[in-house]
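Colleague: Heads up: the protein sequence lines correspond to chains A and B, in order. Position 57 of the first sequence, counting from 1, maps to 667 under this note's numbering, and the rest follow consecutively. Position 226 of the second sequence, counting from 1, maps to 836 under this note's numbering, and the rest follow consecutively. To start, I am sharing the structure in question, which I have written as structure tokens.
Number of protein chains: 2
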Amino acid sequence: VIGSRQWILARRPRGPVQAGDFALREEAVFEPGEGEAVAATRWLSFEPAMRGWLDDAPDRWGRTAGVAAPGYGVTVDVGEVVKGPAVAEVVASRRPDLHPGDLVRGLFGWREHVSLGTGAGFQRLDPSVPVPVALGVLGGTGLTAYMGIVSVGSAVAGETVVVSGAAGAVGSVAGQIARIRGCRVIGIAGGAEKRRWLLEACRFDEVVDYKAEDVAVRLRQLCPDSIDVYFDNVGGPALEAAIANMAVHGRIVLCGLVSSYDSARDGTSPGGPGNLFHLIARRVSMQGYLLSDYADRLPEAAAWLRDREAAGELAHREDIAEGFEQAPAAFLRLFSGANQGKQLLRL
Amino acid sequence: VIGSRQWILARRPRGPVQAGDFALREEAVFEPGEGEAVAATRWLSFEPAMRGWLDDAPDRWGRTAGVAAPGYGVTVDVGEVVKGPAVAEVVASRRPDLHPGDLVRGLFGWREHVSLGTGAGFQRLDPSVPVPVALGVLGGTGLTAYMGIVSVGSAVAGETVVVSGAAGAVGSVAGQIARIRGCRVIGIAGGAEKRRWLLEACRFDEVVDYKAEDVAVRLRQLCPDSIDVYFDNVGGPALEAAIANMAVHGRIVLCGLVSSYDSARDGTSPGGPGNLFHLIARRVSMQGYLLSDYADRLPEAAAWLRDREAAGELAHREDIAEGFEQAPAAFLRLFSGANQGKQLLRL
Numbered sequence: 611v612i613g614s615r616q617w618i619l620a621r622r623p624r625g626p627v628q629a630g631d632f633a634l635r636e637e638a639v640f641e642p643g644e645g646e647a648v649a650a651t652r653w654l655s656f657e658p659a660m661r662g663w664l665d666d667a668p669d670r671w672g673r674t675a676g677v678a679a680p681g682y683g684v685t686v687d688v689g690e691v692v693k694g695p696a697v698a699e700v701v702a703s704r705r706p707d708l709h710p711g712d713l714v715r716g717l718f719g720w721r722e723h724v725s726l727g728t729g730a731g732f733q734r735l736d737p738s739v740p741v742p743v744a745l746g747v748l749g750g751t752g753l754t755a756y757m758g759i760v761s762v763g764s765a766v767a768g769e770t771v772v773v774s775g776a777a778g779a780v781g782s783v784a785g786q787i788a789r790i791r792g793c794r795v796i797g798i799a800g801g802a803e804k805r806r807w808l809l810e811a812c813r814f815d816e817v818v819d820y821k822a823e824d825v826a827v828r829l830r831q832l833c834p835d836s837i838d839v840y841f842d843n844v845g846g847p848a849l850e851a852a853i854a855n856m857a858v859h860g861r862i863v864l865c866g867l868v869s870s871y872d873s874a875r876d877g878t879s880p881g882g883p884g885n886l887f888h889l890i891a892r893r894v895s896m897q898g899y900l901l902s903d904y905a906d907r908l909p910e911a912a913a914w915l916r917d918r919e920a921a922g923e924l925a926h927r928e929d930i931a932e933g934f935e936q937a938p939a940a941f942l943r944l945f946s947g948a949n950q951g952k953q954l955l956r957l
Numbered sequence: 611v612i613g614s615r616q617w618i619l620a621r622r623p624r625g626p627v628q629a630g631d632f633a634l635r636e637e638a639v640f641e642p643g644e645g646e647a648v649a650a651t652r653w654l655s656f657e658p659a660m661r662g663w664l665d666d667a668p669d670r671w672g673r674t675a676g677v678a679a680p681g682y683g684v685t686v687d688v689g690e691v692v693k694g695p696a697v698a699e700v701v702a703s704r705r706p707d708l709h710p711g712d713l714v715r716g717l718f719g720w721r722e723h724v725s726l727g728t729g730a731g732f733q734r735l736d737p738s739v740p741v742p743v744a745l746g747v748l749g750g751t752g753l754t755a756y757m758g759i760v761s762v763g764s765a766v767a768g769e770t771v772v773v774s775g776a777a778g779a780v781g782s783v784a785g786q787i788a789r790i791r792g793c794r795v796i797g798i799a800g801g802a803e804k805r806r807w808l809l810e811a812c813r814f815d816e817v818v819d820y821k822a823e824d825v826a827v828r829l830r831q832l833c834p835d836s837i838d839v840y841f842d843n844v845g846g847p848a849l850e851a852a853i854a855n856m857a858v859h860g861r862i863v864l865c866g867l868v869s870s871y872d873s874a875r876d877g878t879s880p881g882g883p884g885n886l887f888h889l890i891a892r893r894v895s896m897q898g899y900l901l902s903d904y905a906d907r908l909p910e911a912a913a914w915l916r917d918r919e920a921a922g923e924l925a926h927r928e929d930i931a932e933g934f935e936q937a938p939a940a941f942l943r944l945f946s947g948a949n950q951g952k953q954l955l956r957l
């Protein structure tokens, strides 16, 4: 029996999530029982959608927001270990299919050790792929980007694709998939460093720096009324500016709405885009999607991403925090825009 | 040569359109030249989209709003005759294909007489169908409703369909098409009289009276998280309440956004729905459409509507104003919700 730490939800966030919404707790780790294994967490992975899992406030329709909000059904109770994807290494095992040294991935949560009983959900990792790559461009991140551009947006060669949150984990891959498919790709990201990385490493055609430029004015210049696919990770003013410039029969792919995740719940929502009439005049579709609906296309997508990544055609980067105690801080980076690429934490 | 009146656009509306935005003008009507006919207007037909035709204010993206707004490319200049659909009867003809007494339909505008030269666009009316029916349930109104429910929304038996602006010309037909296809149909309309008509004549399953009830609360009671198709004519709070209750893989059909037609242009837009994250969590699509994209399905739709109307299965009513001088007042009824059914004017 050794000591093991966990991050629990100390209180529900009010408005922007804060470090103080979480608290460290220490518990004993037991030896595995018959048919069980114990694994030590090596990596945590962070996604914006996890913000919704922390929420349980009744919304104005009298419903628990967590049910329908970006958490997509997953909720974390106050006092419970924070849920989240992780990679762990088996350290002791009394089940025949797991051996010390095996790397497994699952929704293990923010804990230093995880018990893997018969009912535990996990997948094995391919030991030939670096864990940050497996969790990022070849994991749910890259697969989500692929489905959004290919299956939902149906972006084809010659079309103009605009991606918001372009320097983020999903956005940067989405833009590159579109570029490889022969599209003209315009990214929206914040800051000169991200802009340069998207232009030079990801080879986007244009990048709008929303911290230095007026997104509405710049999109009007770069792609007036000619956005065929808008891949949205942020919502807010960027979505409104994109709607104003959609081409006839354009498609808006709603992958995330980071800008609204806090405000939608604390009653301060500034409202959504006020120009939806463009969707009628231009016959535009707006489609929300989740990766889980595309199970039948996962093998095709995974193979495509693996081949392109192996060939060096997909730039990617991971923003790796160090130390279990940094988990809340690493998570908060997603919402301040501080992270550069896939946000991970190494224990 | 006789005197003939026309309604011209006297000034561009600022905010809500007003009677004072229009002015009467008198002009001479000439005998038809060689290859021409002159027709006397018998009916005017009014649609909410015509509001957009009156607008030319640059929006915040520096573009002429009329280009992209609900006018869909049609604009009316100040001093020009107001454009709009009409039915006219040929009174004098020097073209071999038109004879006095022939009834023709076209975008003739608000004028007492129209000259039909070689380039004039018009269609003949079937003399066996009453003009109000031809302009309403069997015209663009009914065809728009059909395409929205069948082609865009793909509503099938057993699904729940919610229609806003349900007592309007398009909405009432849309709901009935869904009902005939075996859907459960819930309407949103204003006032006890409209509610009764929708329940008794149109046989909707439920009707929410937005003037007497909280739409969000009522939808939550009637169809919690279970709207398969939302057919929207109004936008605004009803759209937000519908989004909150969409079923997984639900479809939002954007036919009109009457609530935003004025405010979107005068800079007072209250913003759109603030709960778009539901579109992701529930994988909902929102699709704007125009009838003009569905030319290949028009014969099928027209035949379906004609058969159902002839069999007495489609309730419809027309709100008929009298007298050319009432044209602006009749048009304004669309935006106050005063009209009961298809708004027409008989000269």
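Here a beta-carbon is modelled for each residue, glycine too, at the ideal position from N, C-alpha and C. The structure displayed is predicted, hence computed values, not measured ones.
(1) May I have the straight-line CA-CA distance separating Glu850 (chain B) from Pro883 (chain B), to the nearest angstrom?
(2) Please classify Leu915 (chain B) as buried or exposed, where buried requires at least 16 other C-beta atoms within 10 Å of its C-beta.
(3) Going along the chain, which residues of its own chain have a beta-carbon closer than 6 Å to the beta-carbon of Gly792 (chain A), five neighbours each way excluded?
(4) Using a Cβ cut-off of 8 Å (strictly closer), state whether Pro623 (chain B) contacts chain A.
(5) Taking Gly750 (chain B) as the query, report the chain A residues whose CB atoms sit under 9 Å from its CB, ordered along the chain.
(6) Just list the residues that DSSP pairs Asp842 (chain B) with in beta bridges.
(7) Is there at least one Cβ from chain A nearer than 8 Å to Arg828 (chain B)'s Cβ?
(8) State the Cα-Cα distance for the pair Gly877 (chain A) and Val686 (chain A), rounded to the nearest angstrom.
(9) When DSSP labels each residue in this structure, what does Arg907 (chain B) get in the three-state scheme?
(10) Taking contact to mean 3 or more Cβ pairs, one atom from each stretch, closer than 8 Å, check whether the stretch 624 to 642 of chain A and the stretch 830 to 841 of chain A are in contact.
(11) Any idea which residues DSSP pairs Trp958 (chain B) with across the strands?
(12) Would you decide whether Lys821 (chain A) is buried or exposed? Buried here means 16 or more other CB atoms lie within 10 Å of its CB.
(13) What residue range is occupied by the uninterrupted alpha helix (DSSP H) comprising Arg943 (chain A)?
(14) In chain order, what residues of the stretch 780 to 808 of chain B put their CB closer than 7 Å to some CB of chain E?
(15) Under 8 Å between C-beta atoms, does Arg892 (chain A) make it to chain B?
(16) So, do the stretch 772 to 779 of chain B and the stretch 947 to 957 of chain B have three or more beta carbon pairs nearer to each other than 8 Å?
(17) Buried or exposed: His926 (chain B), going by 16 or more other Cβ atoms within 10 Å of its Cβ?
(18) With 16 other CB atoms within 10 Å as the buried threshold, where does Gln786 (chain A) fall?
(19) Kindly list the residues whose CB is nearer than 6 Å to the CB of Ala744 (chain A), restricted to its own chain and excluding five residues on each side of it in sequence; keep chain order.
(20) For the candidate residues B:Val747, B:Leu708, B:Val741, B:Val739, whose alpha-carbon lies nearest to that of Ala560 (chain B)?
(21) For Arg635 (chain A), is the classification buried or exposed, using 16 other Cβ atoms within 10 angstroms of its Cβ as the cut-off for buried?
(22) Scan the stretch 898 to 925 of chain B for residues whose Cβ lies nearer than 7 Å to a Cβ of chain A and list them as they occur along the chain.
(23) Which residues mark the beginning and the end of the beta strand (DSSP E) in which Val817 (chain B) is found?
(24) Got a sec: which bits of the stretch 630 to 659 of chain A sit with their beta carbon under 9 Å from any beta carbon on chain B, in order along the chain?
(25) In this structure, how does DSSP classify Arg813 (chain A) when only helix, strand and coil are distinguished?
(26) Look up Gly882 (chain A) in the DSSP assignment and say whether it is helix, strand or coil.
(27) Please report whether the beta-carbon of Pro883 (chain A) lies at a distance below 8 Å from any beta-carbon of chain B.
(28) Among A:His888, A:Ala848, A:Gly694, which one has its Cα closest to the Cα of Gly860 (chain A)?
(29) Chain B partners of Ser895 (chain A), CB-CB under 8 Å?
(30) At the level of alpha carbons, what is the spacing between Val724 (chain B) and Ala650 (chain B)?
(31) By how many angstroms is the C-alpha of Gly746 (chain A) removed from the C-alpha of Val771 (chain A)?
Modeller: The relevant details are as follows:
(1) 5 Å
(2) Under this definition Leu915 (chain B) is a buried residue.
(3) Taken in chain order, the residues that qualify are Ala767.
(4) no
(5) Neighbours of Gly750 (chain B) on chain A: none; closest Cβ ~15 Å, over 9 Å.
(6) B:Leu864
(7) Interface annotation, Arg828 (chain B): not in contact with chain A, CB-CB separation never under 8 Å.
(8) Low confidence applies here, because Gly877 (chain A) scores a pLDDT of 48, under 50, leaving its location unreliable and the question unanswered by this model.
(9) In this structure, DSSP gives Arg907 (chain B) a helical state, which the three-state scheme calls helix.
(10) no
(11) The requested residue 958 (chain B) is not part of the displayed model; chain B covers only 611 to 957.
(12) exposed
(13) 937 to 946
(14) The chain inventory of the structure shown lacks chain E, comprising the protein chains A and B.
(15) yes
(16) yes
(17) buried
(18) buried
(19) Leu735
(20) The structure shown does not extend to residue 560 (chain B), since chain B spans only 611 to 957, so no value can be given for it.
(21) exposed
(22) Of all residues in the stretch 898 to 925 of chain B, Gly898, Tyr899, Leu900, Asp903 have a Cβ within less than 7 Å of some Cβ in chain A.
(23) 816 to 819
(24) Ala659
(25) coil
(26) strand
(27) yes
(28) A:His888
(29) Ser895, Met896, Gln897, Gly898
(30) 6 Å
(31) 22 Å
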